[in-house]
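In our numbering, the protein residues as written are 7 to 236.
Given below as structure tokens:
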């Protein structure tokens, strides 16, 4: 039972990939498939040793599944966190999910915000304007809402079928990207996408979402930007 008298509710754990060369210099990295830096690898590896394992924050006994972006920076982050710290039989079930990829920046790929405003639109705001030749804010909202529906259905079905035993193995982990994490968190809290500008997701950081009062209708934020590379 949870501390408020409800059966333990599942969590949504959002993980941004580790440091890359483009995350260091602020370049928008959507479809470009670049690796982690050597420093990024070491920071994620160290993080995994601290938080992955039995009785730790990311306990495989409590994880129902992991959704991973197809980009190598996310795939590598998953492997460093889980495969390097768990026996193969204990690694949580995972799947590569296209819908948790980063925002498609279109013509803005590889540019920093200053360059985008100089070359395209002086008052450009991704949360309102989206990306020319890429995804709009409305398209990102729709994509995040699809992911949330999938996650809620996964956790709700598991929780209801195991409620009597309070098994607790209902957590879902998403290994993704900076803008996507902020967008998903915003929509999880049922806020307009423009409020995503108020949240932070550093490289290698953990954000934890969940539910209040034992209800799947009361989605909430439990902790944000934990263990980031800063």
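Even glycine gets a Cβ: it sits at the ideal position worked out from N, Cα and C.
Remember, it's a predicted structure, so these values are computed and weren't measured experimentally.
The C-beta separation of residue 87 from residue 53 comes to about 7 Å, placing the pair in contact by the 8 Å criterion.
Per DSSP, residue 215 is one residue of the beta strand (DSSP E) stretching across 212-217. CA-to-CA, the gap between residue 218 and residue 158 works out to about 14 Å. Within the same chain, and ignoring the five residues on either side of residue 56 in sequence, no residue has its Cβ closer than 7 Å to its Cβ.
Counting only runs of 3+ residues, no beta strand (DSSP E) is found wholly inside the stretch 125-172. By the neighbour-count criterion, in which a residue is buried when 16 or more other Cβ atoms sit within 10 angstroms of its Cβ, residue 30 is exposed. In the displayed model, residue 35 falls within coil according to three-state DSSP, outside both helix and strand. For the pair residue 227 and residue 193, the Cα-to-Cα distance works out to about 11 Å. With respect to the 8 Å criterion, residue 76 and residue 96 are not classified as neighbours on the basis of their beta carbons. The C-beta distance from residue 196 to residue 152 rounds to 15 Å, too long to meet the 8 Å contact threshold.
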